[in-house]
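Asks:
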Amino acid sequence: YSTSSRVVRFVKAKSVGLRLTGGNDVGIFVSSVQEGSLADSQGVREGDQILQVNDTSFQNLTREEAVEYLMALPPGEEVTLWIQSKQDIYRKMISSNVGDSFYIRTHFDFEKDTPSGLSFVRGDVFHVLDTMYRGRLGSWLAVRMGRDLQEQERGIIPNQSRAEQIASLESVLKATSGTNPSGARAEFWKLRGLRGAKKMLRKSREDLSALTKQGRYPPYERVVLKEASFKRPVVILGPIADIAVQKLSRELPELFEIAPSVPRDGASSKVIKLDSVRQIAEKNKHALLDITPSAVERLNYVQYYPVVVFCQPESRQGIKAMRQWLAPDSRKSSRRLYAQANKMKKNCSHLFTATISLSGGGNAWYEQIQDIIRTQQNQPVWTTADQADVAPEDSLEVLNPPSRVASGYLTCDSHANSDYDDTDGETGAFTDGEAEDAYDQPGLARSSEP
Amino acid sequence: SKSGDGKNSVWI
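In order, the protein sequence lines correspond to chains H and G. As numbered in the numbering used here, residues 666 to 1115 make up the first sequence, in order. As numbered in the numbering used here, residues 1125 to 1136 make up the second sequence, in order.
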């Protein structure tokens, strides 16, 4: 607090009689004082920074949060303001047009409803620049962040409370539609945003998927850019995933290790223990995981942030030729692999951290996968903001969930990466209508099952 | 339009 800081007290009338500017990045400032208001008579002036109101610090609030806080105070009650005159910073702030500044990751899909709006899909990251677009509550001014971490187009997105409404409506619609390709996702992200989710995790049972049954939908997650202090797990998706994983672990054993899958209790399906992923990371290697897309979401949730490379096939024939060349003994159906890849692309692309094309000849795909893993390992990751100030050397410990959670399981991919008994010549019933095929499909499991 | 001078902002 500067020497000019002071405390003012007055009874809130119908309103406080102030307009605010600034935001979490620069502080909350008074931009106007209503003439004749009690705030005016108590000496609140334009350019004053509000440090605290009653018991609430204003030092890190967004402009919207500050406004909502003051609006929610009941009229007729005394308000105590800690303020300081900061004319120089106030002028500088106005001339440089800065205010709020923070990053969010979205956890619902949004179709823009105004020309200046931005559409987005879950997983998109935005830099929020103003939580009160045009001075009113309702929309945030934001810039989309590209995969290359460069800022892209600027526009408006719903504010927190509108986002909550839209997201919960979306999840209700999806839950009741019956043709929901992302029920598991929606459920998962519902849980994902819960502030208390970690507590729930601690109370957790063995199967993380049990957690996805509860919780509230989190529309926006605060994130910061942070480098991974451990070797990120790697998930390869697409029609040659099995081959890629074998080749990486065989040819580069000092860098890659396949995470072992174990039978799930009382079931023929298989799971990967989260703890074995952690153990591989502790050996300073990338764990190679054969898991479902929804298990990828769980990995993100527990902040392992896997590198997820999708191998995009050119055609069914291309897959067939490639697999005959790379794994002549495999009996996987190229028709099925091709259909699965298409569904995965349609339903899960928000989970991919990179996509490679399989149309190139030779071993280009293999080189590309290695390049991507190397590059992404060295790039920072959008990480939950809550744990941003953890010391790097502690990160693995903290990034990893507590021990009870570490015994959690990841569902093995019963669908994308496993070997099917059916062969290319077969013409079994296989429809494209089942969008959830690309996600966990307990009904369709590994080749060991009937 | 950013927060700017806050003169377009709602009264609270």
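A virtual CB, placed ideally from N, CA and C, is assigned to each residue, including glycine.
Just to make sure I have the definition right: I need the residues of chain G whose C-beta is within less than 7 Å of the C-beta of Gln-699/H. Which are they?
Replies: For the purposes of this step, residue 699/H is identified with residue 34 of the first sequence, where counting begins at 1. Correct list: Trp-1135.
Asks: Three-state secondary structure (DSSP) at Tyr-885/H?
Replies: Walking along the first sequence from the start, residue 885/H turns up at place 220. Three-state result, Tyr-885/H: strand.
Asks: Quick check on Gly-687/H: does DSSP put it in helix, strand or coil?
Replies: By 1-based counting over the first sequence, the position of residue 687/H is 22. Strand.
Asks: Assuming Arg-1000/H is part of the alpha helix (DSSP H), what are its boundary residues?
Replies: The count along the first sequence starts at 1 and reaches residue 1000/H at position 335. From DSSP, the alpha helix (DSSP H) with Arg-1000/H extends over 999-1013.
Asks: Taking all protein chains shown into account, do 16 or more other C-beta atoms lie within 10 angstroms of the C-beta of Lys-891/H, making it buried, or fewer, making it exposed?
Replies: Counting from 1 along the first sequence, the entry for residue 891/H is found at position 226. With 16 or more Cβ atoms within 10 Å of its Cβ, Lys-891/H is classed as buried.
Asks: Please list, in chain order, the chain G residues whose beta carbon lies closer than 9 Å to that of Leu-735/H.
Replies: The residue you call residue 735/H lines up with position 70 of the first sequence. Ordered by position in chain G, the residues that pass the 9 Å Cβ test against Leu-735/H are Ile-1136.
Asks: Using a Cβ-Cβ cutoff of 9 Å, what residues of the stretch 902-915 of chain H are near chain G? List them in chain order.
Replies: Listed by position, the residues of the stretch 902-915 of chain H near chain G (Cβ gap below 9 Å) amount to none.
Asks: Could one say the Cβ of Arg-799/H lies closer than 8 Å to chain G's Cβ atoms, at least one of them?
Replies: Taking the first residue of the first sequence as 1, we reach residue 799/H at position 134. Yes - at least one Cβ of chain G is within 8 Å of the one on Arg-799/H.
Asks: Can you check the stretch 766-854 of chain H for any alpha helix (DSSP H) of at least 4 residues that lies completely inside it and give the ranges in chain order?
Replies: Whole alpha helix (DSSP H) segments, 4+ residues: 825-842.
Asks: Consult DSSP for Ser-743/H and reduce its assignment to one of helix, strand or coil.
Replies: Stepping through the first sequence from its first residue, residue 743/H is reached at position 78. Per the sequence shown, the amino acid found at residue 743/H is Glu instead of Ser. If DSSP states are grouped into helix, strand and coil, Glu-743/H belongs with the strands.
Asks: Using a Cβ-Cβ distance cut-off of 8 Å, determine whether Thr-779/H contacts chain G.
Replies: Looking up residue 779/H in the first sequence gives position 114. It does not: the Cβ of Thr-779/H has no partner Cβ on chain G nearer than 8 Å.
Asks: Can you tell me which of the three DSSP states Arg-682/H falls into?
Replies: Along the first sequence, one-based indexing puts residue 682/H at 17. According to the sequence displayed, residue 682/H carries Gly and not Arg. In the structure shown, Gly-682/H sits in coil (DSSP, three-state: anything other than H, G, I, E or B).
Asks: Are at least three pairs of beta-carbons, each pair with one atom in the stretch 691-698 of chain H and one in the stretch 707-722 of chain H, less than 8 Å apart?
Replies: Taking 8 Å as the limit for Cβ pairs, the verdict is that the stretch 707-722 of chain H does touch the stretch 691-698 of chain H.
Asks: Roughly how many whole angstroms lie between the Cα atoms of Gly-782/H and Ser-1133/G?
Replies: Walking along the first sequence from the start, residue 782/H turns up at place 117. Walking along the second sequence from the start, residue 1133/G turns up at place 9. Distance between the alpha carbons of Gly-782/H and Ser-1133/G is about 20 Å.
Asks: Start and end of the alpha helix (DSSP H) containing Ala-1050/H?
Replies: Taking the first residue of the first sequence as 1, we reach residue 1050/H at position 385. That residue, Ala-1050/H, is in no alpha helix (DSSP H); it is neither H nor E in DSSP.
Asks: Taking CB distances under 8 Å as the criterion, tell me whether Val-681/H reaches chain G.
Replies: For this step, residue 681/H is matched to residue 16 along the first sequence. Yes, Val-681/H lies at the interface with chain G (some Cβ there is under 8 Å from its Cβ).
Asks: Could you tell me the boundaries of the alpha helix (DSSP H) in which Gln-944/H lies?
Replies: Working through the first sequence from its first residue, we reach residue 944/H at position 279. Looking at the DSSP string, the run of the alpha helix (DSSP H) that includes Gln-944/H is 939-947.
Asks: If contact means a Cβ-Cβ distance below 8 Å, which residues of the stretch 685-712 of chain H contact chain C?
Replies: Looking for chain C here will not work: the only protein chains present are H and G.
Asks: Using 8 Å as the threshold, is the C-beta distance between Ile-822/H and Phe-773/H below it?
Replies: Stepping through the first sequence from its first residue, residue 822/H is reached at position 157. Stepping through the first sequence from its first residue, residue 773/H is reached at position 108. Cβ distance not < 8 Å, so Ile-822/H and Phe-773/H don't count as in contact.
Asks: Let me confirm a value: Lys-997/H is counted as buried when at least 16 other C-beta atoms fall within 10 Å, else exposed. Which label applies?
Replies: The residue given as residue 997/H occupies position 332 in the first sequence. It is buried - the Cβ of Lys-997/H has at least 16 other Cβ atoms within 10 Å.
Asks: How is Thr-1040/H classed by DSSP in three states: helix, strand or coil?
Replies: Sequence index remark: in the first sequence, residue 1040/H carries index 375 (1-based). Three-state DSSP puts Thr-1040/H in a helix.
Asks: Counting only beta-carbon separations shorter than 8 Å, does Val-732/H have a partner in chain G?
Replies: In the first sequence, residue 732/H corresponds to position 67, counting from 1. Cβ-Cβ to chain G under 8 Å: yes for Val-732/H.
Asks: If you draw a straight line from the C-alpha of Ala-840/H to the C-alpha of Ile-937/H, how long is it?
Replies: Residue 840/H sits at position 175 when you count from the first residue of the first sequence. Residue 937/H sits at position 272 when you count from the first residue of the first sequence. Each residue's Cα considered, the two are about 28 Å apart.
Asks: So, under 8 Å CB-CB, Thr-745/H and Tyr-734/H are touching, yes? Tell me the CB distance rounded to an integer number of Å.
Replies: Numbered from its first residue, the first sequence carries residue 745/H at position 80. Numbered from its first residue, the first sequence carries residue 734/H at position 69. Contact doesn't hold; Cβ gap of about 13 Å is too wide.
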